[in-house]
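Note that the protein sequences, when read in sequence, are chains L and Y.
Mapping of the first sequence onto my numbering: position 103 corresponds to residue 106, and the numbering continues sequentially without gaps.
Mapping of the second sequence onto my numbering: position 54 corresponds to residue 87, and the numbering continues sequentially without gaps.
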Amino acid sequence: MSTATGPSARGTFLGMPAVPPRSPYGTGHLRGERTFPRAAHDELGNEQLRRNLGKATHSIRAKRLDVTGELPDWEALRDAGSAIKTDTMNRLPELLEELERKVTEHGGTVHWARDGIEANEIVTRLVRRTGSDEVLKVKSMATQEIGLNEHLESQGITALETDLAELIVQLADDRPSHILVPAIHRNRDEIREIFLRQIPGVDPALAATPAELAAAARAYLREKFMTAKVAVSGANFGIAETGTLSVVESEGNGRMCLTLPETLITVMGIEKVLPRFQDLEVFLQLLPRSSTGERMNPYTSLWTGVTPGDGPQDFHLVLLDNGRTAALADTIGREALNCIRCSACLNVCPVYERTGGHAYGSTYPGPIGAVLTPQLAGMHAAKDDPNSSLPYASSLCGACFDACPVKIDIPSLLVELRHQHTEQSGTTAEKLAMKAAATVMKQPKLFTAAQRAAGLGRVVAGRSGTFSHLPPPFRGWSDSRDTPAPPKQSFRSWFASADGAAAMRAAAQDGARHTDDDSQEAQ
Amino acid sequence: MTATARETVLRRVQDALTRSDRPEVTVPRAYRTGRALPDGERLALFVDRLVDYKAQVRTCTAGTTATVITEALRAHGARRIGVPPGLDPAWLAGWDGEVRTDSPDIPAPRLDVLDGVVTASAVSCAETGTIFLDGAAADQGRRALTLVPDLHVCVVDLSSVRTGVPEAVAQLRPERPTTLISGPSATSDIELERVEGVHGPRTLEVVIRTDV
Ligand code: SF4
């Protein structure tokens with residue numbers, strides 16, 4: 004890995020360029036209304052959510068291990084993926100200009116949006132131009148992030164989600180709870196109820212089986228696909244070298260939207276660009292295997308601008324900043340931008356497994372969401388900013404780092420974000436971590452032991468592996484002991500050791516005495 | 034004049050990058066590339082992966098292509114089928130149902146009247162069971178043709194099947210619209226139970242020509 008480490012030189016030199024602005028406060032979906040411990044506390048009361056989520060994360064996790072394990076070069080692919088993304092960030096200006104040139108050469112139009120507000124306005128203007136007041140949507144995190152559907156609605160334009168899970172969420176007037184399976188918090192009976200209530204003309208005898216429910220959605224959306232004039236999509240990748248865009252999906256709703264309407268508008272975060280067409284050979288292996296645990300997802304579409312006689316004849320690409328350049332200006336944020344949104348880190352996270360996605364308050368939940376969200380939208384924009392609690396929504400156990408196909412060291416990034424937060428707020432990281440932990444993990448002392456073992460080495464030593472910037476909460480700890488930084492051992496390997504077992508037993512006894520106090524604090 | 038959004042975003046990206054080091058990166062491409070497997074092994078691997086994805090697989094030779102395609106169509110009760118303009122007419126020599134030749138002038142929604150479609154393919158990847166369709170090739174047709182009808186009979190020449198993803202991607206023409214298909218349309222959105230067919234074709238029949 005060759006990402007820049009060491010302290011950033013913020014404010015040191017005269018003439019240092021300004022920090023780019025974060026996503027504007029109060030727009031889009033990059034901030035919840037409640038802090039993580041509070042939101043998590045409420046979500047924990049939802050038994051259905053926890054059961055479904057547990058089933059989902061465990062089953063996807065098992066599939067992912069199977070299909071990554073069958074590739075002898077999996078680690079080499081991760082190394083390549085990580086390096087390609089680092090290279091991409093280093094060369095972002097030239098790559099974006101190259102992408103723009105290639106898309107334009109092939110008959111597309113490129114738009115740039117400083118933030119979500121501007122992107123929403125661009126899309127609205129383009130939709131209006133088609134004369135249509137309805138657009139079809141392919142599931143897209145970028146448009147969810149900027150609140151496009153709500154904005155279009157306010158302008159008298161109906162945006163219809165076509166991904167089955169997103170459709171369920173939309174019809175229920177709900178929010179997605181998982182990147183990959185957004186309606187995982189709903190069961191089949193609930194979905195049947197939602198369909199009966201919301202889909203005009205649906206058969207009242209509709210059975211609550213996945214097959215029948217999917218068929219009902221197929222019938223409902225088919226007519227829409229056939230008559231829609233305009234569709235909005237996101238993009239998984241945009242290839243600078245050729246101007247090719249790519250959408251990876253399973254159901255075919257993506258293909259429908261990318262192919263049948265006259266006008267296609269694609270909203271893509273600027274970090275989604277890839278340098279070369281050849282790079283697809285890496286990401287088409289990393290993404291599906293990490294994401295759904297499949298060797299390949301059922302459908303992937305690749306298109307370059309406009310093709311006469313095939314597909315939309317009017318193609319627009321909206322390149323979105325919305326806090327991405329602010330993230331890029333930060334060593335933590337830059338690494339977080341490498342994320343390809345596969346959701347592998349969510350599925351292995353013990354905290355996410357208990358709370359689900361809603362507790363994070365952002366379009367981007369789970370371990371990477373806890374890093375990315377404060378980077379895009381800031382964590383000091385309001386008093387008691389809910390985003391400032393996100394770096395504590397983790398046990399730092401390291402499972403997310405092991406799972407990440409582009410090797411983002413999420414635990415270390417979270418620790419650095421905790422530094423940034425405590426430096427500004429004057430509170431202690433440990434207290435805040437305990438608050439989140441007490442809520443989520445039920446046995447906070449066990450959690451503390453885990454955190455000590457896995458995280459303290461990182462907390463104390465920082466990413467550079469030195470003791471140069473000791474954070475306040477640990478100053479006393481290190482002053483009174485002559486201890487080297489513990490090795491970066493994964494929580495699970497430590498847990499399996501005799502040492503780990505003894506520590507956990509001791510912590511459990513200790514925890515039994517203190518649990519009541521700690522859960523009080525979580526309120 | 035105030036800066037355009039384009040100028041602003043590009044300047045922000047530049048500024049962001051000058052705030053910290055940008056170490057040179059060489060991408061390590063130590064992963065497997067340039068793999069080749071003997072015909073038999075490649076075929077076995079490909080079939081195994083296709084079946085795993087709930088595709089239906091038939092093998093044939095150049096000489097029996099027409100017979101096997103007809104079998105595949107009949108197996109699903111198709112009566113009216115669509116074909117891309119450049120499909121080899123000999124492939125339908127045994128077919129007595131209705132055939133409509135596609136053209137860009139036909140509005141895509143009209144493809145909904147077809148029971149199925151027969152096309153060729155550009156390249157395939159054995160290791161993942163993926164078929165790549167080149168939307169600009171006359172024997173594969175525009176993208177809507179293989180999307181709207183409920184049955185897709187796709188003919189794959191074994192010589193076009195590559196071992197892994199890098200070997201297959203290397204065969205593509207980037208400027209052409211390309212669709213990668215791995216099994217029929219599927220969703221696991223309801224309680225993670227896999228259901229075949231939401232929007233795309235619910236049935237994928239792959240006819241592999243082993244001597245071509
Ligand atoms: S951080 Fe890594 S594991 Fe998590 S979603 Fe992004 S790419 Fe996947």
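Cβ coordinates follow ideal geometry from the N, Cα and C atoms, glycine included.
- Taking 7 Å as the cut-off, the Cβ atoms of residue 394(L) and residue 364(L) do not count as close.
- Take the alpha-carbon of residue 77(Y) and the one of residue 243(L): they are about 36 Å apart.
- The alpha-carbon of residue 233(Y) is positioned some 42 Å away from that of residue 44(Y).
- At least one heavy atom of ligand 1 sits closer than 6 Å to the Cβ of residue 347(L).
- Using a Cβ distance threshold of 7 Å, residue 229(Y) and residue 105(Y) do not count as a contacting pair.
- Checking the 6 Å criterion, the Cβ of residue 342(L) is within range of a heavy atom belonging to ligand 1.
- For ligand 1, no non-hydrogen atom lies closer than 6 Å to the CB of residue 198(Y).
- Burial check for residue 199(Y): the Cβ neighbour count within 10 Å reaches 16 or more, so the residue is buried.
- Close to chain L, meaning a Cβ-Cβ distance shorter than 9 Å, are the following residues of the stretch 150–161 of chain Y: 158, 160, 161.
- Inter-segment contact for the stretch 65–79 of chain Y and the stretch 144–162 of chain Y is present: three or more beta-carbon pairs are separated by less than 8 Å.
- Just so you know, the alpha carbons of residue 199(L) and residue 208(L) end up roughly 9 Å apart.
- Not one heavy atom of ligand 1 is found less than 6 Å from the C-beta of residue 87(L).
- Between the stretch 92–101 of chain Y and the stretch 136–143 of chain Y, the count of Cβ pairs shorter than 8 Å is below three; the stretches do not touch.
- Against chain L, the CB of residue 213(Y) has a partner CB under 7 Å away; the residue lies at that interface.
- If you draw a straight line from the Cα of residue 62(Y) to the Cα of residue 282(L), it comes to about 10 Å.
- Chain L places a beta carbon closer than 7 Å to that of residue 220(Y), counting this residue as a contact.
- Under the Cβ distance rule, residue 51(Y) counts among the residues neighbouring chain L, one pair being separated by less than 7 Å.
- A straight-line Cα-Cα distance of about 16 Å links residue 91(Y) and residue 72(Y).
- Residue 335(L) carries a helical assignment under DSSP once its states are collapsed to helix, strand and coil.
- At least one heavy atom of ligand 1 is found less than 6 Å from the C-beta of residue 409(L).
- It is roughly 46 Å from the alpha-carbon of residue 261(L) to the alpha-carbon of residue 427(L).
- The beta carbons of residue 38(L) and residue 324(L) sit about 27 Å from each other, so the pair does not count as a contact at 8 Å.
- The beta carbon of residue 95(L) lies closer than 8 Å to those of 273, 274, 276, 331 in the same chain, with the five residues before and after it left out.
- Within the stretch 175–233 of chain Y, the runs of beta strand (DSSP E) at least 3 residues long that lie entirely inside it are, in chain order, 184–190, 211–214.
- Secondary structure of residue 382(L) (DSSP, three-state): coil.
- DSSP places residue 91(L) outside any beta strand (DSSP E); the residue lies instead in the alpha helix (DSSP H), whose first and last residues are 77–93.
- Inclusion of residue 315(L) and residue 267(L) in the CB contact set at 7 Å is warranted, their separation being smaller than that value.
- If the five residues before and after residue 353(L) are omitted, its C-beta is found closer than 7 Å to the C-beta atoms of 398, 400, all from its own chain and listed in chain order.
- Of the candidates 304(L), 172(L), 51(L), 172(L) places its Cα closest to the Cα of residue 164(L).
- The beta carbon of residue 87(Y) is closer than 7 Å to those of 216, 217, 229 in its chain, skipping five residues each way along the sequence.
- Excluding the 5 residues flanking it on each side, residue 408(L) has same chain C-beta neighbours closer than 8 Å at 80, 81, 84, 289, 290, 292, 293, 343, 345, 347, in chain order.
- Per DSSP, reduced to three states, the secondary structure at residue 91(Y) is strand.
- Cβ-Cβ distances below 6 Å link residue 201(L) to 174 in the same chain, with the five nearest sequence neighbours on each side left out; the list follows chain order.
- Apart from the 5 residues on each side of it in sequence, residue 111(Y) sits with its Cβ closer than 7 Å to the Cβ of 130, 148, 149, 184 in its chain, given in chain order.
- Shown here for residue 176(Y): same chain residues with a beta carbon closer than 7 Å to its own, the five before and five after excluded, namely 168, 210, 212 in chain order.
- Following the DSSP letters along the chain, one finds residue 57(Y) in no beta strand (DSSP E), marked with neither H nor E.
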